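Asker: Position one of the sequence shown corresponds to residue 20 (the working numbering), numbered consecutively onward.
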Amino acid sequence: MYRWTNPLPGIALTVPVERYTSQAFHDLEVEVVWKHVWQMACRVEDILDAGDFVKYDIADVSVLVVRQRDGSIKAHRNICLHRGRTLKEADGKADSFQCPFHGITWDLDGSLKAMPCKWDFPQVGEEWPLIPVQVDTWGGFVFINLDPEAGPLADFLGDLPKHFETWPLEKRYKQVHVGKVLRCNWKLAQEAFMESWHVVATHAQLLPGIGDTITKYDAWGNFSRTLTPNGIPSPHLRWEPTEQEMMDALTDRNLDQAPVVIVPDGATTRGTMSDNRRKHLEKDLGVEVAQSLSDAEMCDSMPYTLFPNLHPWGSYNRTCYRFRPYGNDPGMSIFECMILSPFEGDTPPRGAELQMVDLDTSWTTVPALGLLARVFDQDDANLPHVQKGLESGSLDEVTFADYQETKIRHFHMVLEQWLA
Ligand code: FES
Ligand SMILES: [Fe+2]
20 MYRWTNPLPG IALTVPVERY TSQAFHDLEV EVVWKHVWQM ACRVEDILDA GDFVKYDIAD
80 VSVLVVRQRD GSIKAHRNIC LHRGRTLKEA DGKADSFQCP FHGITWDLDG SLKAMPCKWD
140 FPQVGEEWPL IPVQVDTWGG FVFINLDPEA GPLADFLGDL PKHFETWPLE KRYKQVHVGK
200 VLRCNWKLAQ EAFMESWHVV ATHAQLLPGI GDTITKYDAW GNFSRTLTPN GIPSPHLRWE
260 PTEQEMMDAL TDRNLDQAPV VIVPDGATTR GTMSDNRRKH LEKDLGVEVA QSLSDAEMCD
320 SMPYTLFPNL HPWGSYNRTC YRFRPYGNDP GMSIFECMIL SPFEGDTPPR GAELQMVDLD
380 TSWTTVPALG LLARVFDQDD ANLPHVQKGL ESGSLDEVTF ADYQETKIRH FHMVLEQWLA
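Okay, structure coming up:
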């Protein structure tokens, strides 16, 4: 097998199983990581107009991310300062935030607006703002940080924005947003999307068209990247597919079905796929930009991972994932897939509402996911069984591949830095 240079020589090849199973480890992660790290809360197009707000939950903390009347974005903890009732139970639009319990009301910017029986609270002054949460944006994503002392988002992102300079994520809008609760730890769920070599067993139908084990993996600062070539056969394959067979594999053609995309005589899968995709992008990007994109940008898979849990794909692939703990249960998580599409003009269309797939229900119930749905079902089929295996107490450690699991090892390296 071809080996790229290992970006993480000497970094741990195993991690303790308790990272995926123990309540104490989850609690530590919440205190040390989630309460201090920049994390993606929503997209800017989710809160286009003044008063639009998104309720973002992480573990047992809830945050309201709110579009202000001046167009800026602010965030507050979603909790009443009186006796602690959550102010909102879902996303929405508001002129102010009135607590349903006794009616104390805060303005969009978090300042105290109205208070029944104010005379009875000698300890409360004129100012009694909601607990502020830091907020900043990059690439059309709204990030929050619960720690008022945390350094700027730009420092946390490092060079990541440079990688996306030619594929500006702020020029996309969330066309589709689908989520599902999974019966596994949030790290275990995202790690299933951080290496390409599980294709050999989990997505074997793709082998004729994917260079799974010749993937390049890189890691820098708080982020990492996969580069998987498509439109070439897997080194695992014991037969030589035609160009059409490679295309069929990538487009999930069924045996009894006509080709989804025809590769013309003498053409290649990569060439055909690239031409089609460039053509498709012309409307939103303009002919010049669309036609300047390389075949690699059109064909290959380049999922990035920003610590701790955001996975935007590079180039004009529209896929983006987010993984979070589900409440405080170390054995459950929420996986979301967003389809971020380019748009014409300067203002993005409103972001799609989150559509949840029921627990233990197929992703194929969401037609908007297209080919991704079947692939997700295959990934999903492993996850509860991995969690069960880890919870059985039979292993002390999880073992990682030295190179092909670089992204996962990098994640744990960064996690360890936070825990230290
Ligand atoms: S708990 Fe919110 S007003 Fe009393
Ligand atoms: Fe997968």
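Even for Gly, the Cβ is constructed at its ideal location relative to N, Cα and C. None of these values were measured; they are calculated from a predicted model.
Can you tell which of VAL218, LYS235 and ILE229 has the C-alpha that lies nearest to the C-alpha of PRO26?
Answerer: LYS235
Asker: Alpha carbon to alpha carbon, how far is ALA312 from ARG297?
Answerer: In the sequence as displayed, the identity of residue 312 is Leu instead of Ala. Cα-Cα distance, rounded: 7 Å.
Asker: Just reading off the beta strand (DSSP E) that ARG343 is part of, what are its end residues?
Answerer: Boundaries of the beta strand (DSSP E) harbouring ARG343: 338 to 345, taken from the DSSP string.
Asker: Can you give me the start and stop residues for the beta strand (DSSP E) that CYS356 sits inside?
Answerer: 348 to 361
Asker: Which runs of the beta strand (DSSP E) spanning at least 3 residues fall entirely within the region 142 to 168, listed in chain order?
Answerer: 151 to 157 and 160 to 164
Asker: Can you tell which of PRO35, VAL152 and LEU131 has its C-alpha closest to the C-alpha of VAL85?
Answerer: VAL152
Asker: Under the rule that 16 or more other beta-carbon atoms within 10 Å means buried, what is THR291, buried or exposed?
Answerer: buried
Asker: Report yes if the C-beta of ILE123 is less than 7 Å from at least one heavy atom of ligand 1; otherwise report no.
Answerer: Placement of the Cβ of ILE123 at a distance of less than 7 Å from at least one heavy atom of ligand 1 is found.
Asker: So which of MET432, TRP53 and ASP68 has the shortest CA-CA distance to PRO367?
Answerer: ASP68
Asker: Taking the alpha carbon of TYR345 as the reference point, which residue from LEU172, GLU37 and PHE354 has its own alpha carbon closest?
Answerer: PHE354
Asker: Are the region 182 to 195 and the region 81 to 97 touching by the rule of at least three beta carbon pairs closer than 8 Å?
Answerer: no
Asker: Would you mind listing the beta strand (DSSP E) stretches within the region 216 to 241 that are 3+ residues and don't spill past its ends, in chain order?
Answerer: 235 to 239
Asker: Looking at GLY158: is its Cβ nearer than 8 Å to the Cβ of GLU64?
Answerer: no
Asker: For PHE72, which of helix, strand or coil comes out of DSSP?
Answerer: Strand at PHE72.
Asker: With a threshold of 6 Å on Cβ separation, who are the neighbours of ILE446 within its own chain once the five nearest residues in sequence on each side are excluded?
Answerer: The first residue shown for the chain is 20 and the last is 439, placing residue 446 beyond what the model contains.
Asker: What residues are listed by DSSP as bridge partners for ASP126?
Answerer: SER115
Asker: Quick one: does the C-beta of ALA211 sit closer than 7 Å to a heavy atom of ligand 2?
Answerer: yes
Asker: If I'm right that SER41 touches TRP186 with Cβ under 8 Å, what's the distance once you round it to whole angstroms?
Answerer: A Cβ-Cβ separation of about 39 Å leaves SER41 out of contact with TRP186 under the 8 Å criterion.
Asker: Could you check if VAL279 is buried or exposed, using at least 16 other CB atoms within 10 Å of its CB as the buried criterion?
Answerer: exposed
Asker: By the 10 Å Cβ neighbour count, where 16 or more other Cβ atoms means buried, how is LYS206 classified, buried or exposed?
Answerer: buried
Asker: Start and end of the beta strand (DSSP E) containing ARG96?
Answerer: 92 to 96
Asker: For the beta strand (DSSP E) holding HIS330, just list the boundary residues, first then last.
Answerer: 329 to 331
Asker: Rounded to whole angstroms, what is the Cα-Cα separation between PRO386 and ASP271?
Answerer: 14 Å
Asker: Applying the 10 Å Cβ sphere with the 16-neighbour rule, what's the burial state of ALA211?
Answerer: Buried, since its Cβ has 16 or more Cβ neighbours within 10 Å.
Asker: Buried or exposed: where does ARG62 fall if 16 or more other Cβ atoms within 10 Å of its Cβ makes it buried?
Answerer: Buried.
Asker: Considering just the uninterrupted stretch of the alpha helix (DSSP H) at GLY198, what are its terminal residues?
Answerer: GLY198 -> not in any alpha helix (DSSP H); beta strand (DSSP E) instead, spanning 191 to 201.
Asker: Below 8 Å CB to CB, which residues in the same chain sit around ILE66 once its five sequence neighbours on both sides are set aside?
Answerer: PHE72, VAL73, VAL84, VAL85, ARG86, ILE92 and VAL161
Asker: VAL282: which of GLN276, ASP294 and GLU307 sits nearest, CA to CA?
Answerer: Minimum Cα-Cα distance from VAL282 among the listed residues GLN276, ASP294 and GLU307 corresponds to ASP294.
Asker: Does the Cβ of THR261 have 16 or more other Cβ atoms within 10 Å, making it buried, or fewer, making it exposed?
Answerer: exposed
Asker: Measure the C-alpha to C-alpha separation of PRO135 and LEU100 and round it to an integer number of angstroms.
Answerer: 14 Å
Asker: Please work out which residues of its chain come closer than 8 Å, Cβ to Cβ, to PRO171, disregarding the five sequence neighbours upstream and downstream, and give them in chain order.
Answerer: ASP155
Asker: Taking the C-alpha atoms as reference points, what is the distance between PRO331 and THR247?
Answerer: 15 Å
Asker: If we ignore side chains and look at the alpha-carbon of each, how far apart do LEU225 and GLY250 end up?
Answerer: Using only the alpha carbons, I get a separation of about 10 Å.
Asker: Once the 5 residues before and after MET317 are set aside, which same chain residues still bring their CB inside 7 Å of it?
Answerer: MET292, SER293, ARG296 and ARG297
Asker: For the beta strand (DSSP E) holding SER81, just list the boundary residues, first then last.
Answerer: 80 to 86
Asker: Going by C-alpha to C-alpha distance, which of HIS255, TRP382 and GLN406 sits closest to ALA220?
Answerer: The shortest Cα separation from ALA220 among HIS255, TRP382 and GLN406 belongs to HIS255.
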